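Protein chains in written order, with my numbering: chain A, 1 to 104; chain B, 1 to 112. Worksheet for the structure shown next.
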């Protein structure tokens, strides 16, 4: 059975304070590791897909990386608008998410 | 390009009743997946349909069922509602599997 575990559950950062979110996975065959962002009251919004170890994807202040056992979502110099819950998934299994709060 | 739409957005039912939720995927997307989201359990996979066939099913009781029509629109049905069925039900569409999913805004179901 596929398992996806995210840490930490919650993260509070000051604006400009960079950090990383972790997603560890155990799957029988990786067909893509997905990152989503979810704002309160909304459905998740797609961010990145990673398919093989060593792959990296970037979008604005976010960078996702992938190893054989885990993925990281690096947030560089975050802004308050980056506050959201970040979900990691190996479809159809989702992690429980990391709730990020960025204070101005 | 229109996104995934779900109707209704909010629903209040009582225990024992049944409910049908609807999802219209992005044009051209043939895969529709349904998820249940609760604060305690997170996003839990219900089922996936592709070209009118159920391709994958999560670990939910038989009270939860779904179907997909020839135009890729999908419905899910929950019979004999229980208090624990209160949740946000999310629909996601994609071109096929192994690619990103696009989620609708969800249907908030409250069972009293």
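Note that beta-carbon positions come from the ideal geometry of N, C-alpha and C, so glycine has one too. Being a predicted model, the structure only gives us computed values, none of them experimental.
Contact list for residue i against chain B, beta-carbon separation under 8 Å
i, result
"residue 67 of chain A", "Correct list: empty, because the minimum Cβ distance to chain B is about 19 Å."
"residue 26 of chain A", "Ordered by position in chain B, no residue passes the 8 Å Cβ test against residue 26 of chain A, which lies about 16 Å from the chain."
Proximity of residue i and residue j at Cβ, strictly below 9 Å
i, j, result
"residue 50 of chain B", "residue 68 of chain B", "yes"
"residue 99 of chain A", "residue 85 of chain A", "yes"
"residue 80 of chain A", "residue 59 of chain A", "no"
"residue 3 of chain A", "residue 97 of chain A", "no"
"residue 102 of chain B", "residue 76 of chain B", "no"
"residue 79 of chain B", "residue 25 of chain B", "no"
"residue 90 of chain B", "residue 66 of chain B", "no"
"residue 30 of chain A", "residue 49 of chain A", "no"
"residue 2 of chain B", "residue 27 of chain B", "yes"
"residue 70 of chain B", "residue 82 of chain B", "no"
"residue 75 of chain A", "residue 24 of chain A", "no"
"residue 117 of chain B", "residue 31 of chain B", "Since the first and last residues shown for chain B are 1 and 112, residue 117 of chain B lies out of range."
"residue 10 of chain B", "residue 96 of chain B", "no"
"residue 66 of chain A", "residue 52 of chain A", "yes"
"residue 59 of chain B", "residue 92 of chain A", "no"
"residue 13 of chain A", "residue 78 of chain A", "yes"
Coarse secondary structure for residue i, derived from DSSP in three states
i, result
"residue 112 of chain B", "coil"
"residue 48 of chain B", "strand"
"residue 66 of chain B", "strand"
"residue 58 of chain B", "coil"
"residue 106 of chain B", "coil"
"residue 83 of chain B", "helix"
"residue 81 of chain A", "helix"
"residue 73 of chain B", "coil"
"residue 102 of chain A", "strand"
"residue 42 of chain B", "strand"
"residue 12 of chain A", "strand"
Interface residues of chain B facing residue i [CB-CB closer than 7 Å]
i, result
"residue 44 of chain A", "103"
"residue 96 of chain A", "42"
For residue i, the residue or residues it bridges with in DSSP
i, result
"residue 25 of chain A", "A:4"
"residue 33 of chain B", "B:48, B:92"
"residue 74 of chain A", "A:20, A:63"
"residue 22 of chain B", "B:7, B:75"
Chain A contact residues for residue i, given Cβ-Cβ distances below 8 Å
i, result
"residue 90 of chain B", "43, 44"
"residue 45 of chain B", "92, 93, 94"
Chain A contact residues for residue i, given Cβ-Cβ distances below 9 Å
i, result
"residue 74 of chain B", "The contacting residues do not exist; residue 74 of chain B stays about 15 Å from chain A at best."
"residue 33 of chain B", "91, 92"
"residue 106 of chain B", "41, 42, 43"
Residues that residue i contacts on chain A, provided the C-beta gap is smaller than 7 Å
i, result
"residue 56 of chain B", "92"
"residue 100 of chain B", "34, 46, 49"
- Query: In chain order, which continuous runs of the alpha helix (DSSP H) of length 4 or greater are located wholly inside the segment 15-68 of chain A?
  - Reply: none
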